[in-house]
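See below for the structure under consideration.
Number of protein chains: 4
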Amino acid sequence: MKKIAVFTSGGDAPGMNACIRAVVRTAIFHNIEIYGISYGYDGMINGNIKRMHSYSVSNIIQRGGTILKSARSEDFRTPEGRKKAFAKLTEQGIEGIVAIGGDGTFTGAKTFFEEFGMPIIGCPGTIDNDIYGTDYTIGFDTAVNTALEAIDKIRDTAAAHDRIFFVEVMGRDSGYIAVECGIGGGAEFVMVPETKTDLNKVVKSLKNLRKSKSSSIIVVAEGDEEGGGEEIMHKVEEKLKDADKDFKVTTLGHIQRGGNPTARDRVLASRCGMAAVEGLLKGEQNCMAGVVNGEVVYTPFADCIGKSKALNEDHLRLIEILSI
Amino acid sequence: MKKIAVFTSGGDAPGMNACIRAVVRTAIFHNIEIYGISYGYDGMINGNIKRMHSYSVSNIIQRGGTILKSARSEDFRTPEGRKKAFAKLTEQGIEGIVAIGGDGTFTGAKTFFEEFGMPIIGCPGTIDNDIYGTDYTIGFDTAVNTALEAIDKIRDTAAAHDRIFFVEVMGRDSGYIAVECGIGGGAEFVMVPETKTDLNKVVKSLKNLRKSKSSSIIVVAEGDEEGGGEEIMHKVEEKLKDADKDFKVTTLGHIQRGGNPTARDRVLASRCGMAAVEGLLKGEQNCMAGVVNGEVVYTPFADCIGKSKALNEDHLRLIEILSI
Amino acid sequence: MKKIAVFTSGGDAPGMNACIRAVVRTAIFHNIEIYGISYGYDGMINGNIKRMHSYSVSNIIQRGGTILKSARSEDFRTPEGRKKAFAKLTEQGIEGIVAIGGDGTFTGAKTFFEEFGMPIIGCPGTIDNDIYGTDYTIGFDTAVNTALEAIDKIRDTAAAHDRIFFVEVMGRDSGYIAVECGIGGGAEFVMVPETKTDLNKVVKSLKNLRKSKSSSIIVVAEGDEEGGGEEIMHKVEEKLKDADKDFKVTTLGHIQRGGNPTARDRVLASRCGMAAVEGLLKGEQNCMAGVVNGEVVYTPFADCIGKSKALNEDHLRLIEILSI
Amino acid sequence: MKKIAVFTSGGDAPGMNACIRAVVRTAIFHNIEIYGISYGYDGMINGNIKRMHSYSVSNIIQRGGTILKSARSEDFRTPEGRKKAFAKLTEQGIEGIVAIGGDGTFTGAKTFFEEFGMPIIGCPGTIDNDIYGTDYTIGFDTAVNTALEAIDKIRDTAAAHDRIFFVEVMGRDSGYIAVECGIGGGAEFVMVPETKTDLNKVVKSLKNLRKSKSSSIIVVAEGDEEGGGEEIMHKVEEKLKDADKDFKVTTLGHIQRGGNPTARDRVLASRCGMAAVEGLLKGEQNCMAGVVNGEVVYTPFADCIGKSKALNEDHLRLIEILSI
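Chains as they are written, first to last, in full-length UniProt numbering: chain A, 1 to 324; chain B, 1 to 324; chain C, 1 to 324; chain D, 1 to 324.
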């Protein structure tokens, strides 16, 4: 293989740049020409493909965001769109692709491989950590720490005023970020989509808060079945009917998607990026390079998208026990 | 004066603890017994008053929140409530008070002084920076930097997706936080209550964004007359009618009230705290100890509450010029 | 088991407080009386043992340091000292102990168990990550991120002046922190005790730096056989004999031991703390509760101290390939 | 004036990029062609001068370092060197210059103006805050906060082990950074060049530390007459002769020069940059644009270099009183 390309797609995640850097430098190390596709699948269709060099990725390892940008692409969902994309790639002589993104990205990649046989390997770039085939996704650790720093600040003001704070964190349909933040933030409760949220239990507990525990933090994953942070706060306020308790809600929002990646995310991103390129060289394709139990593994896209990762049971117990 | 007390009131602000520490240690340095009133005016009424020592304030200089807590007090607004408070203070032999808070706190302090003649000096503890008599309030610098770090993270994700982000920051009825963040965050526009917001101008500018400036940040002060971040985003989206532009909004909320205070806030808090105690010793009363042009000044409560501080003209020009 | 005690010992590490909190609350959850021993083994000998409650550990989960303090104890190395310690514990009716620390702590614990049969389980609290029986130690992730933030700042100034910076990080005799920082910081080289450092190779590489790569960062583990950061910088400067290259060195020092723990450290600390208490209840003893491949495991102290964990080969390759 | 140039020189400081950005965009706002000189005076001599545009400074406001680099220039100290520099500038039609740096930079600028009459205005870019004509220099606030965060971490580990830590901070021959850090970090003592350091007083105080104040932080400015942190620690250890006290030293070093600039530094940098360009348009020259008491002022280079700014008396008192 002499020419490969790399792109980022889907929601951006801190560490994507570190991954791009690893892909570029590993390719150069193996004497392969490396091209960057900007704006994801849309850029592929538009031929937005440029040669990259070692210096193209200098000083980006610590930056959030992605120098190759990201975009949704309606066109790539159509056979014509994908045909155009393949034509542009062939024009440049691209023989293999590294796709950094989430399962939306991998769904497109899988289809593309099945239609055109273009070898393509993915790297798990998303803050949600809901991808099968890797213990952690690139961006998850940073998002959790960003949310946790925010919760630490909220804790200061909650304690000052004896307030009960509902904090909504990201995660789409998963509770990974919520659970890690819940434990790290010393939350009273964590509400996640994976388990049924019993609001009556929450209300009962808030009624009986220890005298010395006059402030509380309740973490809500955006995809919880009872609603987001604001909705749940109102439901609980309703049921509690206690004028003495003061409720507030904060939706952390998009700050969880940006910022300098943590050490874990930079290392994970680098390992996956290097593994993706070396996987292409070894003949791997239509799969994602992830890290499971400390080792690099290649998992078929079908499994990444199809299978699910359960939340850690121990973690759920921790929240219950440690909030007494 | 042999016995004085200190309390914090109103919205909490990072640096309040550093201020309490300065009050306590300055009092001890001058051989004065110092007492801490917990829960603000409410605590005063309930006699929640305890002796403090040098070690009571060890290791709190870097902490957000306030070890003396804060609370709203309906009772203190009544003459009976204030009579009870004065009785409790007299019981303990308190001869002077340091009140750390915002103009709500000072309004109560002024009334209390007029009714009972209790010497009382304030320290400007609020993130809003809208108090006359001091260039900066304790907590403002930290709140601005907290909001700025959040905006830096949002910038990463905005740039990755070519989005236009509306970011709502705190400030009650003032635009101080918004303006500092707007400049520091390289915002396209800043919308503040002090100036009339022209949405048409915003829309026109967004229509003509330079090709290479595909993402933008617009900072909105919560008290802007056109509404908060979410409301303004919808109005602009309405007027723009451009399917190509992608809008998002983030309301930073209460993270702006917490966190470790910055260096400026710790130094300002320490200076004001020391000045408040030494002011009481010198016979100052019914005023606030603030810092103007680098010097400590004592400003009558009436002025702190009544007069207003204009936004810096230079700052407003900066945003206009530097966002081209 | 009705009464257990907990203490911290050895070099402090961020997350120790989160671990103490987990031990205390898990004990209370299981209706066990929990006691805190201050100042480690020294405190044990002096009977510095106090009852702890749920509120004793409120608001400490995010704090660096340890509320139970730490101390070296010459006395505990003697049979008399340990006899005194056992007497003090028996006096209080302590039936089991959780020891949070590094292998120095576990060496003492193992001896203590062998002499008196006191059930004792350890939690891996040290920033060095050199303990067998757990993938990561409590405090490692925070120390790495602290060092990495420092390296990010150094990168700014190195790039501004085209300098070559040697950065010395902690790790005692291991290169774990150095390797993670080396990857995350985009270092040119990483020098660790586990591999032979070839200074001539470093010199040769610096001679041939790409035109666009005029600044470099070289990470040195404090235990490297060629010396610390300063010594190695002088050796390289000597061999390079290039007046054009500008060398600087920074020894990060003790900032790596403090600060708020990261999310990973808080979660790991909580899991280990809970597992230690529940281990005592299940009859585990003379072992350490750690996390390997995401699962809690109990490893005999002898192995924790005696066996070693190899550096990750992939990580070493990463540094070589990605610095081109 | 139709064409101006900007450069950075001397030790880099966080906020220099924000200043460059302000210069570039203010120039463009006034329809002036703006050129960037890389590598300071050296680049001027070598004709390293490039046209800049609005997008040249996109997304740099939050970055430490300087995109125009910095360098020492022996050649510029010679008349021939300066003649060459002037020739290169004239070649490009440059009619005015903005020089961002410290007094070394201004010394060269003053000489250059006197020899060739080239209008040149400076912006105070240095972390030392030792420049007359501005209350604060660009980079000072960030350096202080960086040092303060490090001291907060050291405080954690000092408290855990009852240690006395000497922390050396930057500042060249001034104690500004040391004093701000000393107050904000709750230091026992601060040793600065501006006041005579009495080591016997330090020793006496350490002997009498309150029982509950078993750990201490002593901040040392690098230019103190008794030596740097390490030297002073040994002198004190010598005099104290107390085996019970445990001493450590940390030299913070170059981390104080890098990192994202704080809000104050970004705003100050922006104001100075804009004022420098508008100053050139108004006919100001051979002076520095700084901010004093909230207003922009132009101060002759001779005064910036020649006059000194005294440390704030209040600040020195604070340290003494608040460390009891």
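Just so it is clear, CB atoms sit at the ideal spot from N, CA and C, and this is done for glycine as well.
| query | result |
| --- | --- |
| Please identify, using Cβ separations under 8 Å, the residues of the segment 52-73 of chain D that lie next to chain C, in order along the chain. | Arg-63, Gly-64, Gly-65, Thr-66, Lys-69, Ser-70 and Ala-71 |
| Mind pulling the chain D residues with CB within less than 8 Å of Thr-26 of chain B? | Ile-321 and Leu-322 |
| What whole-angstrom Cβ distance do Val-291 of chain D and Thr-134 of chain D have, given they're in contact under 8 Å? | 6 Å |
| Do Gly-96 of chain B and Ile-151 of chain B count as a contact pair if the criterion is CB distance below 7 Å? | no |
| Between Asp-103 of chain B and chain A, is the shortest Cβ-Cβ distance under 7 Å, so that the two count as touching? | no |
| Cutting at 8 Å between CB atoms, please list the residues of its own chain near Phe-116 of chain B, excluding the five before and the five after it. | Arg-82 and Phe-86 |
| By the criterion of Cβ-Cβ separation under 9 Å, what are the contact partners of Thr-250 of chain D in chain C? | Thr-251, Leu-252, Gly-253, His-254 and Ile-255 |
| Taking CB distances under 7 Å as the criterion, tell me whether Asp-12 of chain B reaches chain A. | yes |
| What is the DSSP secondary structure of Met-16 of chain A, counted as helix, strand or coil? | helix |
| For a test of the three-state rule: what should DSSP assign to Ala-153 of chain A, helix, strand or coil? | A quick correction: the sequence has Lys, not Ala, at residue 153 of chain A. Looking at Lys-153 of chain A - three-state DSSP - the assignment turns out to be helix. |
| Tell me whether the beta-carbon of Ala-21 of chain B lies closer than 7 Å to the beta-carbon of Ile-67 of chain B. | According to the sequence displayed, residue 21 of chain B carries Arg and not Ala. Result no, Cβ atoms of Arg-21 of chain B and Ile-67 of chain B do not sit closer than 7 Å. |
| From Asn-31 of chain D to Phe-7 of chain A, what distance separates their C-alpha atoms? | 38 Å |
| With 7 Å as the threshold, decide whether the Cβ of Asp-141 of chain B is near any Cβ in chain A. | no |
| Can you check the segment 102-137 of chain C for any alpha helix (DSSP H) of at least 4 residues that lies completely inside it and give the ranges in chain order? | 103-116 |
| How would you list, in chain order, the residues of chain B whose beta-carbon sits under 7 Å from the beta-carbon of Gly-244 of chain A? | Looking at the sequence provided, one finds Asp at residue 244 of chain A rather than Gly. Those do not exist, as Asp-244 of chain A stays about 11 Å from chain B at its closest Cβ, beyond 7 Å. |
| Apart from the five residues just before and just after Arg-266 of chain D, which ones in its own chain have a Cβ nearer than 8 Å to its Cβ? | Gly-15, Ala-18, Ile-61 and Gln-62 |
| In three-state DSSP terms, what is Thr-193 of chain A? | For the sequence presented, residue 193 of chain A should be read as Pro rather than Thr. Coil at Pro-193 of chain A, not helix or strand. |
| Mapping the DSSP letters down to three states, classify Arg-257 of chain C as helix, strand or coil. | helix |
| Which one or two residues does DSSP pair with Phe-166 of chain C in a beta bridge? | C:Ile-218 and C:Val-249 |
| Hey, does Thr-157 of chain B have any beta-carbon neighbour from chain D nearer than 7 Å? | no |
| Between which two residues does the beta strand (DSSP E) carrying Val-6 of chain D extend? | 3-8 |
| Beta-carbon within less than 8 Å of Thr-111 of chain B's beta-carbon, same chain only, minus the 5 sequence neighbours each way: which residues are those? | Arg-82 |
| Are the CB atoms of Arg-257 of chain B and Thr-157 of chain A nearer to each other than 7 Å? | yes |
| Can you name, in chain order, every residue of its own chain whose Cβ lies under 7 Å from the Cβ of Gly-108 of chain C, other than the five neighbours on each side? | Tyr-41 and Phe-76 |
| Roughly how many angstroms lie between the CA atoms of Gly-36 of chain C and Ala-143 of chain C, to the nearest whole one? | 25 Å |
| Please tell me whether Asn-163 of chain C has its Cβ less than 7 Å away from any Cβ of chain A. | The sequence shown places Arg at residue 163 of chain C, not Asn. Not one chain A Cβ lies under 7 Å of Arg-163 of chain C. |
| Between the segment 167-185 of chain A and chain C, which residues of the former have CB atoms less than 8 Å from a CB of the latter, in chain order? | Glu-180, Cys-181, Ile-183, Gly-184 and Gly-185 |
| Looking only at its own chain, which residues have a Cβ that is under 8 Å from the Cβ of Asn-33 of chain D, when we skip the five neighbours before and after it? | With the sequence shown as reference, residue 33 of chain D is identified as Glu, and Asn is not the correct amino acid for it. Correct list, in chain order: Lys-2, Lys-3, Ile-4, Ala-27 and Arg-51. |
| Just mark Gln-79 of chain B as buried or exposed, buried being the case when its beta carbon has 16 or more other beta carbons within 10 Å. | It is Pro, not Gln, that sits at residue 79 of chain B in the sequence shown. By the neighbour-count rule (16 or more Cβ atoms within 10 Å), Pro-79 of chain B is not buried but exposed. |
| Assess, as a yes-or-no matter, whether the segment 265-281 of chain A is touched by the segment 178-196 of chain C under the definition of 3 or more beta carbon pairs within less than 8 Å. | yes |
| Can the beta-carbon of Lys-309 of chain C be found less than 7 Å from the beta-carbon of Tyr-55 of chain C? | no |
| For a contact defined as C-beta to C-beta under 9 Å, what are the partners of Asp-42 of chain C on chain A? | Chain A residues near Asp-42 of chain C: none, gap ~29 Å exceeds 9 Å. |
| Taking 6 Å as the limit between beta carbons, can you name the residues of its chain near Gln-285 of chain C, skipping five residues before and five after? | Pro-119 |
| Taking only three categories from DSSP, how would you classify Tyr-39 of chain B? | coil |
| Below 6 Å CB to CB, which residues in the same chain sit around Gln-92 of chain C once its five sequence neighbours on both sides are set aside? | Ile-49 |
| Measuring CB to CB, does Gly-259 of chain C end up less than 7 Å from Lys-153 of chain D? | yes |
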